[in-house]
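Right, one structure below, let's go through it.
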Amino acid sequence: MVQLYVEKAKFDFEQLIWWTAAYLPDRDVTAMIAAYEELPEPVRIHLLLSPAMYELLATFAMAQGRIEARDEIFRKVEALVYDELSVHRVEPAARHEDDEIWSAMGDVCIRKRDGQWSRHEAVRLKSIVALDFDSPYARIVRPQSSTMRLPPEDFTPDERADVIAKCDAAMAYIQEVSPVFAQLICNYTRAVRLRKAEKMNAVSSEHVTTTIGEIRLLNLQKKEVDVPKVVEQLLHESVHNVLSTFEYTQEAFLKTDDDKQRRPTSLWSGNALPVASFTHAIFVWFTLYNFAVLESARTGLSDEARRSINERRNRYAAGFVGPARVSDHIAAGITFSRALVPAIDIVQDTVIQSLRQFEPRAVFA
């Protein structure tokens with residue numbers, strides 16, 4: 006699916022170029038193509054996989070008939086290409102006057118000091134997933150975001166080190182429990198945007214379908230955020246990236262617009278959710294349940310550790326064991342992918358069947 010993602014993003018990128026050449030003859034499309042083609046193939050893939058590129062390409066597709074909006078989007082995509090070329094060269098490409106230039110992924114930048122340019126790379130989980138504290142994509146203010154709606158505050162050096170240590174420990178634990186789940190994160194989450202905003206006085210995580218490949222984690226510097234919490238956040242938000250990648254490369258779950266008046270209640274959190282978010286949540290909780298089952302199967306666990314895992318496993322399972330079919334909560338008034346509702350029923354039946362392997366005391370403790 007990652008390969009399909011790259012192919013589709015390349016197609017959408019080329020569509021943007023062809024449209025701009027046809028409708029905006031004043032734009033220097035040829036120069037931008039030349040800059041893109043100068044990039045080595047792995048760097049082109051890096052660019053096409055970036056959440057920033059997806060956000061612009063998706064916005065371009067939705068701006069049909071709005072020439073000024075599409076013109077602005079082209080110029081932003083053009084800037085991404087030149088930024089990527091600048092970072093690759095470790096010197097500014099055309100039209101750059103900044104002393105700091107970032108890759109489209111937000112994982113590498115070049116900085117000018119005393120007339121010399123130097124390259125700086127983000128810390129990465131398993132040498133792949135960028136932990137991004139500083140890029141423009143980590144520090145942007147997004148008023149509609151649950152994690153990025155307030156201006157960022159600077160992490161202290163000790164807080165940065167603590168956040169990195171928590172993320173490293175969480176990834177190492179996931180790898181120990183299940184290499185498959187660790188690979189899922191590496192395949193589908195490319196950048197973790199880390200945000201400090203003490204004024205929000207909250208700890209949360211977020212994935213947004215307009216920035217596929219990105220997850221956002223808020224206030225990991227807080228002492229109450231432990232490694233199990235980070236494990237849950239990494240898995241939770243990365244599954245959203247898997248699902249969003251599926252919808253981008255295969256087919257959307259919802260075939261009609263999400264009815265803004267209809268908000269099914271989450272069977273796990275009790276929150277009213279858009280139907281699209283509700284459908285994603287089902288597979289997220291299913292994944293977390295399966296990971297907890299793998300955790301509980303390990304030998305040598307203390308009674309306290311096993312009890313904690315079982316409590317989380319049961320919390321993840323809770324929404325699947327009610328009296329009604331989970332799919333009944335989403336079926337009215339919206340047309341879905343033909344495969345979605347059967348898949349939800351299979352997920353629910355799988356969890357119920359799985360729970361039967363445990364002693365009742367273990368299930369409900």
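Counting with this note's numbering, you get residues 6 to 370 for the letters of the sequence shown.
A virtual CB, placed ideally from N, CA and C, is assigned to each residue, including glycine.
None of the values given here were measured: they were computed from a predicted structure.
Out of I339, N295, R311, A109, which has the shortest C-alpha to C-alpha gap to V356?
N295
For T254, does the three-state DSSP call read helix, strand or coil?
helix
The beta strand (DSSP E) with D137 in it runs from where to where?
134-137
Euclidean distance between Cα positions of I1 and C191:
As displayed, the chain neither begins before 6 nor continues past 370, which places residue 1 out of reach and without an answer.
Own chain partners of E256 with C-beta closer than 8 Å, once the 5 adjacent residues on each side are dropped:
Closer than 8 Å at Cβ, skipping near neighbours: S342.
Using the Cα positions of T304 and S243, report the straight-line distance between them to the nearest angstrom.
27 Å
Going by alpha carbons, who is nearest to V128 out of A170, K260, A98, D119?
A170
Helix, strand or coil: which one does DSSP assign to T340?
coil
From this set, L29, G324, S313, which residue's C-alpha is nearest A297's C-alpha?
S313
Could you check the C-alpha separation between S359 and L306 for me, to the nearest Å?
Taking C-alpha positions only, S359 is separated from L306 by approximately 21 Å.
Determine the contact status of E211 and R221, defining contact as a CB-CB distance below 8 Å.
yes
So what's E242 in DSSP terms, helix, strand or just coil?
helix
Ends of the alpha helix (DSSP H) at L2?
Given a span of 6 to 370 for the chain in the structure shown, any question on residue 2 remains unanswerable.
Please state the DSSP three-state secondary structure of T376.
Here the chain covers residues 6 to 370 and nothing more, so residue 376 does not appear.
The alpha helix (DSSP H) spanning E105 covers which residue range?
Run containing E105: none in the alpha helix (DSSP H); it sits in the beta strand (DSSP E), 105-107.
If you draw a straight line from the alpha carbon of R165 to that of Y178, how long is it in whole angstroms?
For R165 and Y178, the gap between their C-alpha atoms comes out near 20 Å.
Indicate the three-state DSSP secondary structure (helix, strand or coil) for I115 in the structure shown.
strand
In the DSSP assignment, the alpha helix (DSSP H) including E300 goes from what residue to what residue?
280-301
Taking E229 as the reference, give the member of N246, N206, H241 with the closest Cα.
N206
Cα separation between Y142 and P56?
Within the model, the alpha-carbon separation for Y142 versus P56 is close to 9 Å.
Looking at P157: is its Cβ nearer than 8 Å to the Cβ of R116?
no
Provide the residue(s) that pair with E5 in DSSP beta bridges, ordered along the chain.
This structure does not reach residue 5, given that the chain is present from 6 up to 370, and the question cannot be answered.
Is V356 near the ligand SAH, going by C-beta to nearest heavy atom under 7 Å?
Looking for the ligand SAH in the displayed structure turns up nothing, as the structure carries no ligands at all.
Am I right that S91 and A98 are in contact with their C-beta atoms under 8 Å? What's the rounded C-beta distance?
4 Å
Continuous alpha helix (DSSP H) stretch holding A27: start and end:
7-28
Using DSSP with H/G/I as helix, E/B as strand and the rest coil, what is L189?
DSSP places L189 in helix when its eight states are reduced to three.
So, at 8 Å on beta carbons, what are the nonlocal neighbours of A370 in its own chain, with the 5 sequence-adjacent residues on each side left out?
Here the model assigns A370 a pLDDT of 45, short of 50, so the residue's position is not dependable, and the following value carries that caveat. Excluding residues within five positions, the ones whose Cβ falls inside 8 Å are R312, N315, E316, N319.
Any alpha helix (DSSP H) of 4 or more consecutive residues that is wholly inside the region 153-180:
Correct list: empty.
Residue interval of the alpha helix (DSSP H) (run including A348)
345-360
Looking at E89: is its Cβ nearer than 8 Å to the Cβ of V34?
no
N311 in three-state terms, based on DSSP:
Checking the sequence shown, residue 311 turns out to be Arg, not Asn. Looking at R311 - three-state DSSP - the assignment turns out to be helix.
Cα-Cα, which of V280, R32, V7 is closest to F79?
R32
DSSP three-state call for A68: helix, strand or coil?
coil
Cutoff 6 Å; reference D4; Cβ partners in own chain excluding five residues on either side:
Only positions 6 to 370 of the chain appear in this structure, which leaves residue 4 out of reach.
Taking R94 as the reference, give the member of F18, Q121, V208 with the closest Cα.
Q121
Quick one: using the 10 Å Cβ neighbour count with 16 as the cut-off for buried, is I287 buried or exposed?
With 16 or more other Cβ atoms from the protein chains shown falling within 10 Å of its own Cβ, I287 counts as buried.
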